[in-house]
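Residues -23 to -1, 1 to 728 in mature numbering (1 follows the signal peptide of the UniProt record, and there is no 0) are what the sequence shown spells out, letter by letter. Using N, Cα and C, we set each Cβ at its ideal position, and we do this for glycine too. Below is one structure; the comments refer to it alone.
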Amino acid sequence: MLATHHLPSYAVILIVLLNLALAQYEYLGYPPGYPDAAEEQYTAPQLTPDTPRIQLRLAGDKRKHNEGRVEVFYSGEWGTVCDDDFTIHAAQVVCRELGYVEAVSWSPSSKYGKGEGRIWFDNLHCTGKEATLALCPSNGIGVSDCKHSEDVGVVCSDKRIPGFKFVNTLLDIQVEDVRIRPILSSYRKRIPVTEGYVEVKDGGKWKQICNTEWSQFNSRVICGMFGFPMEKKYNVRIYKMFARRRTPSYWDFAINCTGNEAHLSSCKLGQPTSLKSNATCAGGFPVVVSCVPGKAFSPSPMAGFRKAFRQEQPLVRLRGGAIVGEGRVEVLKNGEWGTICDDNWSLLSANVVCRELGFGTAQEALSGGRLGQGMGPVHMNEVRCSGFEKSITECSFNKETLGCSHEEDAAVRCNVPAMGFQERLRLSGGRNPYEGRVEVLVERNGSLVWGTVCSESWGTMEAMVVCRQLGLGFASNAFQETWYWPGEVSADAVVMSGVRCSGTEMSLSHCLHHGDHLSCPKGGGRNAAGVSCSETAPDLVLNPQVVEQTTYMEDRPMFMLQCAYEENCLSSTSSQVPANTYRRLLRFSSQIHNNGQSDFRPKASRNSWVWHECHRHYHSMEVFTLYDLFSLNGTKVAEGHKASFCLEDSECDEGIEKRYECANFGDQGITVGCWDTYRHDIDCQWVDITDVKPGDYIFQIVINPNYEVPESDYTNNIVKCRCRYDGHRVWMYSCHNGKTSHREQFQGTSN
């Protein structure tokens, strides 16, 4: 603490302001690549002889490997801990005893399922400083009046205590780190690393594992941890020869996995390793795994890595995630995409989804619509998997989903291979690690140099790829000037130009660009591309049923369409007809939901909104939606557009308050869990079909078509309907959320 009572008053004020300025960014943390604070090193606790010897583990219906029901091994029997008087201090003792840095939270009332056996601890009163749970005051070991419905669970931090030394053979595996170290020269430069020694870091040293008790199930778990869906055989003879030339340093234990674990820490320890006098394992050599990467991460001789992520299995997909390998789980049933209810959603089920899509095991099984809410039906409920199914559709589940809503949509975060993409990109000059000038690492004249990206045509899709590549979530803004972010002077030169991304790429280098033929008249430096990133984003979804149910046709005289004519809401032929003629309008309502994780706000600030005198309102977005009518072969026959007359919360889900209202020049936007309804009877909520001949057509609506505002998922911004017009009446049917490319839809309808 500073002795502020000896400082002048102005100095005290400066210190307070400095602390406040720094504190505003504390919640962001630091992304990979920033130096961490100095970490404490593990020191094994010194327990007195009379301290009861216990062992802990996390069990039950877990969603992550570092959480679960607290179980205690004492007197030859596993038991549980009662939640009476349990606090975060007791959770801290549990997590540190298991080798984690700290506790994040704890849960009462058997959240992770009811345990079995004795309840070893009740009424624990820990300070958080105890070296073992056995040292916390309690009723006494085995003295409890609780039932297993009161079993307590904890969530520990992902970070492990550096140097944590595992000493007990009955615990689940707890080591500092695990890696696959490539041994053969053909694998050393390959990205990702798919084959090599399995090594564990224990006591600060990397050690190999003796393969005498190693099984295919163990290899399956290791490959899953590193982002690979399956394992394969390798050339044993070569590795035996290599092991003879170098003396390995073996870990003290064997490993025993069942094959459906999400992480090595959930496996059991086998017997202590039997080493010969020359420190080699009896009859064996170091464990080797060879993993099979998913297609998105597999190099091909012709094209290298795939330019953009493509799902492998068309029956399952992920939506709403910020990075590859995470998202809301959606399944295809009877031609319609739907979600999974999170009742009983667990790591086992999440593992099946992740492997099915070409990733590894699941880092986390998310519930409660954490990665946004879906639309349409809920196809599956109470999913239960063994972990070995090829598809989530093979798991047992309850078809009855009446009790489920999209607030309970299940999601996953999967392990993906380490591709090294983050090391070739950085943000420089920003006020916090989540913003800055984009700088890329490229090879020039045989050496690696940092440089900037030309900002011409730089937009939301390119910014999305940058934020994904750095693991910083979604883009919140794309900048074409960065003079306010002074980056590294040595990196001012433009090294990448003409960048055009689809938004699904894993790396900026996968986007289209000029390559070595740079062209950037604006130059780099202050005119270089920049981004700001956010952990959350909105997600607009149009309700297709409302479009289908509200469509009708109206003949309206030109003299009543003067304002709409001024805003270009009529077809081009309207300028050539007298005021007493009629225009035929295809009218409908649009109900636009925000199912994302943050509010949808216009890109333009309020002071730059455009006032339209005729309609007497402000446009916060000149083009908010596009309306198009296509023939069945894909030819556009009519079009319309809608400016954001007024983005506001028309209605909200129960328990959510409206935040945006356009009256009195109020803030415009759509709150998470709310929707904005553009009624069929307002100006420009139509397509002018005066010149359209009778026939069958495809009607299409696209929200946020120019990607002005970043969203977590653009694939659901479109609605398509079949439309039949007989010259007197119009029918809209088979409306559904679809892809943004109408050509794909037409190809599908023509087959």
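Selected residue, minimal CA-CA separation from TYR216, among LEU161, LEU112, GLY643: Selected option, being the one with the closest Cα: LEU161.
query: Taking buried to mean at least 16 other C-beta atoms within 10 Å of its own C-beta, is LEU379 buried or exposed?
result: In the assembly as shown, LEU379 is an exposed residue. Its beta-carbon has fewer than 16 other beta-carbons within 10 Å.
field: Length-filtered (4 minimum) alpha helix (DSSP H) runs lying within the segment 211 to 268
entry: Entirely contained in the segment 211 to 268, the alpha helix (DSSP H) runs reaching 4 residues are, in chain order, 213 to 222.
query: Comparing alpha-carbon positions, which option in GLU153, HIS240, SER267, TYR227 lies nearest ALA259?
result: Ranking GLU153, HIS240, SER267, TYR227 by CA distance to the CA of ALA259 puts TYR227 first.
task: Can you have a look at TRP460 and say buried or exposed, based on whether 16 or more other CB atoms are within 10 angstroms of its CB?
output: TRP460 counts as exposed, since fewer than 16 other beta carbons sit within 10 angstroms of its beta carbon.
task: Mark MET473 as exposed unless 16 or more other C-beta atoms lie within 10 angstroms of its C-beta, in which case mark it buried.
output: Its Cβ being crowded by 16 or more others within 10 Å, MET473 is buried.
query: Which residue from LEU562, GLU176, HIS42, SER275 puts its Cα closest to that of TYR702?
result: When each option's Cα is compared against that of TYR702, the closest is LEU562.
Paired residues, beta bridge with ILE647 - DSSP: Per DSSP, PHE577.
query: Name the DSSP bridge partner or partners of VAL554?
result: VAL554 is not bridged to any residue.
- request: Check whether the Cβ atoms of VAL47 and GLY130 sit closer than 9 Å, and answer yes or no.
  value: Yes. Within cutoff.
field: Three-state class that DSSP yields for TYR461 in the structure shown
entry: TYR461 falls in the coil class under three-state DSSP.
- prompt: Bridge partners of THR338, per DSSP?
  reply: Per DSSP, THR338 has no beta bridge partner at all.
- prompt: Is VAL508 closer than 9 Å to VAL415 when the C-beta atoms are compared?
  reply: For VAL415 and VAL508, yes; Cβs fall inside 9 Å.
field: Delimiting residues of the alpha helix (DSSP H) encompassing HIS125
entry: For HIS125, there is no enclosing alpha helix (DSSP H), as DSSP gives it neither H nor E.
First and last residue of the uninterrupted alpha helix (DSSP H) at ALA111: Premise fails: ALA111 is in no alpha helix (DSSP H) and is neither H nor E.
query: According to DSSP, is HIS589 helix, strand or coil?
result: In this structure, DSSP gives HIS589 an extended state, which the three-state scheme calls strand.
- prompt: DSSP state of PHE274, grouped into three classes?
  reply: Reduced to three states, the DSSP call for PHE274 is helix.
- prompt: Quick one: what does DSSP say CYS712 is sitting in, helix, strand or coil?
  reply: Note: CYS712 maps to strand in three-state DSSP.
- prompt: So with Cβ pairs under 9 Å, would you call GLY475 a contact of chain D?
  reply: The structure shown contains no chain D; it is built from a single protein chain.
For ARG533: DSSP bridge partner residues: BP columns for ARG533 point to ARG560.
query: Nearest to GLY298 by alpha carbon, out of ARG30, THR481, THR429, ASP99?
result: Ranked by Cα distance from GLY298, the first of ARG30, THR481, THR429, ASP99 is THR481.
task: Look at CYS698 and PHE676 and say whether their C-beta atoms are less than 9 Å apart.
output: For CYS698 and PHE676, yes; Cβs fall inside 9 Å.
task: Rounded to whole angstroms, what's the CA-CA distance from PRO206 to ASN328? Just pull it up for me.
output: One Cα belongs to PRO206, the other to ASN328, and the distance between them is close to 9 Å.
- prompt: Considering only residues of the same chain and omitting the five flanking positions on each side of THR370, which have a CB-CB separation below 7 Å?
  reply: These residues qualify, in order along the chain: LEU292, VAL308.
- request: Apply the 10 Å Cβ neighbour rule to THR57 and answer buried if 16 or more other Cβ atoms are within range, or exposed otherwise.
  value: Under the 10 Å beta carbon count, THR57 is surrounded by 16 or more other beta carbons and is classified as buried.
field: Residues sharing a beta bridge with ASP665, DSSP
entry: Partner residues in the beta bridge of ASP665, as assigned by DSSP, are LEU562.
query: Within the chosen definition, does the segment 35 to 53 reach the segment 236 to 243 through at least 3 CB pairs nearer than 8 Å?
result: The segment 35 to 53 is in contact with the segment 236 to 243.
Distance between beta carbons of CYS431 and GLY337, contact taken as under 8 Å: With a beta-carbon spacing of about 36 Å, GLY337 and CYS431 fall beyond the 8 Å limit used to define contacts.
Residues bridged to GLN568 (per DSSP): Answer is THR654.
field: Exposed unless 16 or more other CB atoms sit within 10 angstroms - verdict on PRO263
entry: For PRO263, the number of other beta carbons within 10 angstroms of its own is at least 16, and it is reported as buried.
message: Looking only at its chain, what residues have a beta carbon closer than 6 Å to the beta carbon of VAL587, apart from the 5 residues adjacent to it on each side?
response: Only residues of its own chain outside the window of five on either side were considered, and among them HIS596 have a CB closer than 6 Å to the CB of VAL587, listed in chain order.
query: Is the beta carbon of SER134 sitting closer than 9 Å to the one on ALA80?
result: With respect to ALA80, SER134 sits close: the two C-beta atoms are nearer than 9 Å.
message: Tell me which residues share the same chain as ARG156 and place their Cβ nearer than 6 Å to its Cβ, disregarding the 5 neighbours each side in the sequence.
response: Excluding positions up to five away in sequence, the list reads GLU176.
query: By a C-beta neighbour count over all protein chains shown, 10 Å radius and 16 as the cutoff for buried, is MET709 buried or exposed?
result: Burial of MET709 is indicated by the presence of at least 16 other C-beta atoms within 10 angstroms of its C-beta.
query: Taking just the CA atoms, how far does TYR529 sit from ASP658?
result: Approximately 11 Å between the Cα atoms of the pair.
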